[in-house]
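Participant: Residue numbers (UniProt numbering): 1 to 61.
Quick reminder that beta carbons are idealized off the backbone N, C-alpha and C, glycines included.
First the structure, then my questions, so here it is.
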């Protein structure tokens with residue numbers, strides 16, 4: 001059986017701004033990684049001598 005707890009957050013203005021910044025940073029990182037993966041994959045498809053893109057290599061960038 002799984003148990004969950006819901007906690008309501010009532011942030012003040014400064015905290016709400018910090019939450020929005022954190023979400024924006026995560027969104028930027030995700031979009032960057034997705035674009036980089038697509039770029040590397042297309043390059044690999046065109047030239048098989050290049051290394052195949054991997055999650056590990058992408059995390060190291």
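Kindly indicate the opening and closing residues of the alpha helix (DSSP H) around residue 18.
Facilitator: Taken as a continuous stretch (DSSP letters only), the alpha helix (DSSP H) holding residue 18 covers 13–46.
Participant: Thinking C-alpha only, which one of 30, 10, 21 and 22 is nearest residue 58?
Facilitator: Residue 30 is the option with its Cα nearest to residue 58.
Participant: From residue 1 to residue 9, what does the alpha carbon distance come to, in whole angstroms?
Facilitator: Approximately 26 Å, taken between the alpha carbons.
Participant: Does residue 56 come out as helix, strand or coil in the three-state DSSP assignment?
Facilitator: Helix at residue 56.
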